[in-house]
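What follows is a single structure, written as structure tokens, with notes after it.
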Amino acid sequence: MKLSFKKVSTLAAATVLAASMASCSSPDGGPASAAGSASTSVPELSGTLTVFAAASLKQTFTELATQFEAAHPQVKVSLSFDGSSTLVTQITQGAPADVFASADTKNMTKLSDAKLTSEAPVDFATNVLTLAVPPSNPANITAFADVAKPGVKLVICAAQVPCGAAAKADAATAGLMLTPVSEELSVTGVLGKVTSGEADAGLVYVTDAKSAGDKVKTIPLGLAQPTINEYPIAAVKGSKNPEIAAAFISLVTAQEGQKVLQDAGFGAP
């Protein structure tokens, strides 16, 4: 499977499940009468589903898309990941999307207020921030307060992005004045600065820190009341495949989808 940050396409399985047709035969083996015939057809989803999802959902939604395609061989899922605010802008400007999954309620509300959701959004996960530092921890950071020290190269998300709003809220809770050297448009951008060694520390979601594995060291913020981001999902109004969109949302919110999300470190909605 070839992945790219802006666009991830997973190919559907090769085999098509045909609709079944059952017919009754007469007891003597002759052709069945019209009255004795019965046929049933199983509707099969087919087409391309375009999902716009927050950058922090890249790993989990790629896995869920693979599961969805396996269950619906005639469906191809196309995934586009970016900061939630960027995705909202793209959709409002006419970018074709069937499903939108946001990393906060604020950006989903923007889409709803623009009359671009076909149904009420459903919360499916939660997330909180943590500090990620390079494995060598060059700035010797041991606590959240250390990122405010002079000379520490801190990277956070921009304020309009959910992870940026959460970073500023958590800093206010801790009574810290943050002076980041860079503000990124997505949480993956922040993580990239840390893993490349360009930053001493970055405020990222716990799920992103977990997915990075040994590329980063994680330092909890230690807040009694951290900012909790709620993740809503909704079908986009005007979708060409509303039935497929509804089925994908059902997977995300069902037990199978919740297991994938919680295994990745997301909290329950």
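Residue numbers (mature numbering (1 follows the signal peptide of the UniProt record, and there is no 0)): -18 to -1, 1 to 251.
Just so you know, even glycine gets a beta-carbon here, dropped at the ideal spot from N, CA and C.
Please read all numbers here as calculations on a predicted model, not as lab measurements.
Which class does residue i belong to by DSSP, given the choice of helix, strand or coil?
i      : result
Leu61  : strand
Ile73  : helix
Ala83  : strand
Asp152 : helix
Ala216 : strand
Ser178 : coil
Gly249 : strand
Pro231 : First, the amino acid is wrong: residue 231 is Ile here, not Pro. Helix at Ile231.
Ala52  : helix
Thr32  : strand
What do you get for residue i, buried or exposed, if any count of 16 or more other CB atoms within 10 angstroms of its CB means buried?
i       : result
Val110  : buried
Met159  : exposed
Ser8    : Bear in mind that a pLDDT of 39 at Ser8, under 50, signals an unreliable position, so the model cannot answer this.
Ala(-1) : Note that Ala(-1) has pLDDT 34, beneath the 50 cutoff, so the model's placement of it is unreliable and the number below is only indicative. Exposed, because fewer than 16 other Cβ atoms sit within 10 Å of the Cβ of Ala(-1).
Ala154  : exposed
Lys58   : buried
Ser62   : buried
When you compare each of the options to residue i by their alpha carbons, which one comes out closest?
i      : options                        : result
Val33  : Leu167, Asp128, Val218         : Val218
Glu238 : Leu203, Glu212, Phe106, Val188 : Phe106
Thr170 : Lys40, Pro25, Glu26            : Lys40
Ala149 : Glu165, Pro214, Leu98          : Glu165
Val242 : Ser168, Leu46, Asp128          : Leu46
Gly249 : Ala216, Ile226, Glu212, Gly220 : Glu212
Ile215 : Gly195, Leu93, Phe50, Thr74    : Leu93
Could you tell me how far apart the beta carbons of residue i and residue j are, in whole angstroms, since I believe they sit closer than 8 Å?
i      : j      : result
Val137 : Ala181 : 4 Å
Asp190 : Leu173 : 5 Å
Gly65  : Ala96  : Not really, about 17 Å apart at Cβ, beyond 8 Å.
Ala183 : Val134 : 7 Å
Practice task
Entirely within the segment 162 to 207 and at least 3 residues each: give me those beta strand (DSSP E) ranges in chain order.
Solution key: 164 to 166, 183 to 187, 199 to 201
Handout entry: Entirely enclosed alpha helix (DSSP H) segments - the segment 89 to 153, minimum 4 residues
Key = none
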